[in-house]
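Going by my numbering, the first residue of the sequence shown is number -10, and it counts up by one from there. Using N, Cα and C, we set each Cβ at its ideal position, and we do this for glycine too. Since the structure comes first, as C-alpha cells, the remarks are kept for the end.
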Amino acid sequence: MLYPQVTIEIEPFSPALDQIVRAPLIAEQIATGFGFTEGPVWMPGDFLVFSDIPGDTIYRWDARVGASIYRRPSANANGNTIDAAGRLITCEHSGRRVAREERDGNLTTLAAHYNGQRLNSPNDVVVHSSGAVYFTDPPFGLPNGRDGAELGFSGVYRIAPDGALALLSDALDGPNGLAFSPDERILYVNDSRRNELYAFDVLADGGVANARLIATTDRAAGAGNPDGMKLDSAGAIFMTGPGGVWIFASSGERLGLLRFPERTANLAWGAERGELYVTATTSVYRVTIR
C-alpha cells in the first residue's frame, strides 16, 4: 500500500546524531483523520494499536487493512503498552484508571485509587521485566485539566506484580512520558509543564531514588510539550516535544530534533529494525530511523 510521504527535517545539535539518524529521512502518513492520536504500541499479532483520545477509540492498524476500530468506547484512552504476556495495558482518562485487557476481552482494573482517592487521569505506562507496571498520573484528562481532582498532586506510581500500588514521586508538576533504560537501572520521566526530562535510579525493590534533571526542551522550537518517550537499544532517548521528536543521549545531551508536520504526542518501535511509529495530532506516521 502506498502512503503520502513527507520529508522530515533533521535539526542537529551534536555530531553524535549522525550515528543515530541521517538525511534524507522520509516519513509515511499511514493513517489520518483523527482527533488527537496517542499511545502507540506494536502488538504481538503484528499490528499497531493507538488511541484517539477525543474520539474515545483505540484503533488498530496493519499494512493489509489500514486503520480499524479495536475498542470503542475506550474511556478516552491515552497511553498503552503490553506486558510480557502480550496483554494490552491502557491509561484511561475518563475512566481514571489503569486497565489490562484479558484474553477474553474483559478489562481488569490494575489501579484506580490511591489512599482511597481517585487517580487524576493516568497518562502513560511502561512495564518492567519484573512484571511491575509504572505509570504517570497528571490531571490533563480531567475537565479543564483540574475539575474533579481528589489528589493534590501529580504522581508517578508503581503497581507491583501482586497488585500493590506505591507512589514513587509527587515532585513533578506534569509527569507524562516515561521509559526505562535498556538495563532498567534508570527510569526516565518527563514533565510537560516544565519542559524538563528527569532520570531516577531504579532500586532493587522497584522503588526509585536520586531524581535529577538531565535535559530540557525549548518551547520556542514549535508546538507541543515533552510527551511520549522511547529508548533505542543503545540508550538514546527519543521524546516527542516542541516541534517534533527530540533525541537525547542517555546523559541528557541534546543530539537533535526531527521536525514533523504535525504536533507530535507519542511514539513506538515497530517490528522492523529502526521502524518508528509516531502519533501526531490527526495522524500516525511511520519512519525508519536507521
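Sheet register partners of residue i (DSSP bridge)
i: E91; result: According to DSSP, which records beta bridges pairwise, E91 is partnered with nothing at all.
i: E81; result: A66 and R86
i: S57; result: R49
i: G233; result: G230 and R248
Buried versus exposed call for residue i [16 or more other C-beta atoms within 10 Å across all chains shown]
i: G152; result: exposed
i: S118; result: exposed
i: E173; result: exposed
i: R60; result: buried
i: N104; result: exposed
i: S143; result: buried
i: V38; result: buried
i: D126; result: buried
i: G163; result: buried
Same chain only: Cβ atoms within 8 Å of residue i, ignoring 5 sequence neighbours per side
i: Y187; result: L161, Y177, V178, N179, D180, A200, R201, L202 and I203
i: A225; result: I9, I236, F237, A238, S239 and L244
Under 8 Å between C-beta atoms of residue i and residue j
i: K219; j: A168; result: yes
i: Q18; j: Y48; result: no
i: T253; j: T229; result: yes
i: Y274; j: P29; result: no
i: R85; j: S110; result: yes
i: V257; j: W31; result: According to the sequence provided, residue 257 is Ala. The question's Val does not apply to it. The answer is yes: Cβ separation under 8 Å.
i: E0; j: R248; result: yes
i: T79; j: A66; result: yes
i: D207; j: N165; result: no
Neighbourhood of residue i by C-beta distance below 6 Å, restricted to the same chain and skipping five residues each side
i: G75; result: P33
i: D190; result: A198 and N199
i: A149; result: A121
Cβ-based neighbour list, residue i, same chain, cut-off 7 Å, excluding 5 preceding and 5 following
i: P62; result: D45
i: L157; result: V145, Y146, R147, G196 and V197
Contiguous beta strand (DSSP E) assignments of at least 3 residues, all confined to the segment 144 to 211 = As far as the segment 144 to 211 is concerned, its whole beta strand (DSSP E) runs of at least 3 residues are 144 to 148, 154 to 158, 164 to 169, 175 to 180, 185 to 191 and 197 to 205.
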